[in-house]
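Asks:
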Amino acid sequence: MFTDCPSCERQFRIRAAQLGAADGWVRCGNCGETFYALERLSDTPLKRLPTLRQADEAAAELPAVSIEPEQETAGTETTDTDESRETPPDLPPVLAGDPEKKTGSPARLIWGSLVFVLSLIAVAQLAWFNRDGLLRAYPALVPWVEQACENLQCDPIRFRDISAIELLNRQVTQHPRYRNALLASATMVNNAEFIQPFPDVVLLIFSTSGQVISRGRFKPEEYLG
Numbered sequence: 003m004f005t006d007c008p009s010c011e012r013q014f015r016i017r018a019a020q021l022g023a024a025d026g027w028v029r030c031g032n033c034g035e036t037f038y039a040l041e042r043l044s045d046t047p048l049k050r051l052p053t054l055r056q057a058d059e060a061a062a063e064l065p066a067v068s069i070e071p072e073q074e075t076a077g078t079e080t081t082d083t084d085e086s087r088e089t090p091p092d093l094p095p096v097l098a099g100d101p102e103k104k105t106g107s108p109a110r111l112i113w114g115s116l117v118f119v120l121s122l123i124a125v126a127q128l129a130w131f132n133r134d135g136l137l138r139a140y141p142a143l144v145p146w147v148e149q150a151c152e153n154l155q156c157d158p159i160r161f162r163d164i165s166a167i168e169l170l171n172r173q174v175t176q177h178p179r180y181r182n183a184l185l186a187s188a189t190m191v192n193n194a195e196f197i198q199p200f201p202d203v204v205l206l207i208f209s210t211s212g213q214v215i216s217r218g219r220f221k222p223e224e225y226l227g
């Protein structure tokens with residue numbers, strides 16, 4: 003048997019068990035309209051609406067409802083039918099689910115946002131703890147990391163190879179402005195394939211007999227001009 007929705011004119015295939023489940027009242031799975039299907043029954047489908055497959059699939063998911071013959075008189079049956087037309091019962095979604103139930107739940111959106119934020123935090127932590135390799139590959143990031151380490155009190159570049167720093171020349175002369183003072187100058191080059199910070203410099207002054215007469219240790223901020 004077939005019936006069609008009076009509101010959207012969508013045609014559906016319907017079984018007797020479905021009609022008996024709600025006294026002939028059904029809900030359109032296309033527009034949600036509730037209508038009395040017994041008034042719109044047809045043995046053959048209408049040619050204007052040949053698409054019946056979706057309604058067949060939705061109707062197949064419903065549990066079968068057994069129908070027992072009524073034992074009352076024809077007059078009583080007419081009265082029951084009239085009352086059912088006036089007050090349609092609460093209908094289950096006989097033909098298809100309600101369209102409004104297809105929207106995403108807020109809980110799913112919250113969980114999706116939380117997973118996204120946690121993924122960003124995990125990527126940031128991984129990059130931070132492996133910043134040596136990252137800075138070797140992208141030297142332009144060094145100023146940003148140094149700025150961050152000033153606020154976090156950390157060492158921006160942890161990987162060092164002192165053996166790759168070569169002292170090209172050095173010179174110690176009398177200081178041109180101060181008496182009894184020496185001026186030391188040196189040129190260093192980093193032969194490593196990665197950026198590394200300037201090292202601490204230890205300055206030793208020897209006597210003519212080869213003994214150390216002065217010793218000083220200078221940090222990069224002290225000897226860089």
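Converting from the sequence shown to the numbering used here requires adding 2 to each position, the first position being numbered 1.
Glycine included, each C-beta is placed from N, C-alpha and C at the ideal position.
Might you give, ordered along the chain, the residues of its own chain that have their beta carbon closer than 6 angstroms to the beta carbon of Phe220, omitting 5 neighbours on each side?
Replies: To locate residue 220, count along the sequence shown from 1; it is residue 218. Excluding sequence neighbours, Phe220 sits near Val203.
Asks: Identify the continuous beta strand (DSSP E) that holds Asn193 and give its terminal residues.
Replies: Against the sequence shown, residue 193 aligns to sequence position 191. Here Asn193 belongs to no beta strand (DSSP E), and DSSP marks it neither H nor E.
Asks: Should the segment 25-40 be called in touch with the segment 4-12, which here means at least 3 C-beta pairs below 8 angstroms?
Replies: yes
Asks: By the 10 Å Cβ neighbour count, where 16 or more other Cβ atoms means buried, how is Trp27 classified, buried or exposed?
Replies: Locating residue 27 in the sequence shown gives position 25, where the first residue counts as 1. When all chains shown are included, Trp27 counts as buried.
Asks: Using a Cβ-Cβ cut-off of 6 angstroms (strictly less than) and excluding sequence neighbours within five positions of Ala194, which residues of its own chain qualify?
Replies: What you label residue 194 is simply residue 192 of the sequence shown in a count that begins at 1. Asp163, Ala166.
Asks: Roughly how many angstroms separate the alpha carbons of Asp100 and Thr36, rounded to a whole number?
Replies: Position 98 of the sequence shown, counted from the first residue, corresponds to residue 100. Position 34 of the sequence shown, counted from the first residue, corresponds to residue 36. Residue placement at Asp100 is flagged as unreliable, the pLDDT there being 45, under the threshold of 50; the coordinate-derived value follows with that caveat. Asp100 and Thr36: Cα-Cα distance of roughly 12 angstroms.
Asks: For Val174, which residues in the same chain have their Cβ closer than 6 angstroms to its Cβ, ignoring the five residues on either side in sequence?
Replies: Sequence index remark: in the sequence shown, residue 174 carries index 172 (1-based). Around Val174: Leu184, Ala186.
Asks: Would a C-beta distance cut-off of 8 angstroms place Pro145 and Ile197 closer than the cut-off?
Replies: Stepping through the sequence shown from its first residue, residue 145 is reached at position 143. Stepping through the sequence shown from its first residue, residue 197 is reached at position 195. Contact: no.
Asks: With burial defined as no fewer than 16 other Cβ atoms inside 10 Å of the residue's Cβ, what is the status of Ile16: buried or exposed?
Replies: The count along the sequence shown starts at 1 and reaches residue 16 at position 14. The residue in question, Ile16, is buried, as its Cβ has 16 or more Cβ neighbours within 10 Å.
Asks: Classify Gln213 as helix, strand or coil using the three-state DSSP reduction.
Replies: For the purposes of this step, residue 213 is taken as the residue at position 211 of the sequence shown. If DSSP states are grouped into helix, strand and coil, Gln213 belongs with coil.
Asks: Taking the alpha-carbon positions, what's the Val119 to Phe131 distance?
Replies: Taking the sequence shown and counting its residues from 1, the one referred to as residue 119 is at position 117. Taking the sequence shown and counting its residues from 1, the one referred to as residue 131 is at position 129. About 19 angstroms.
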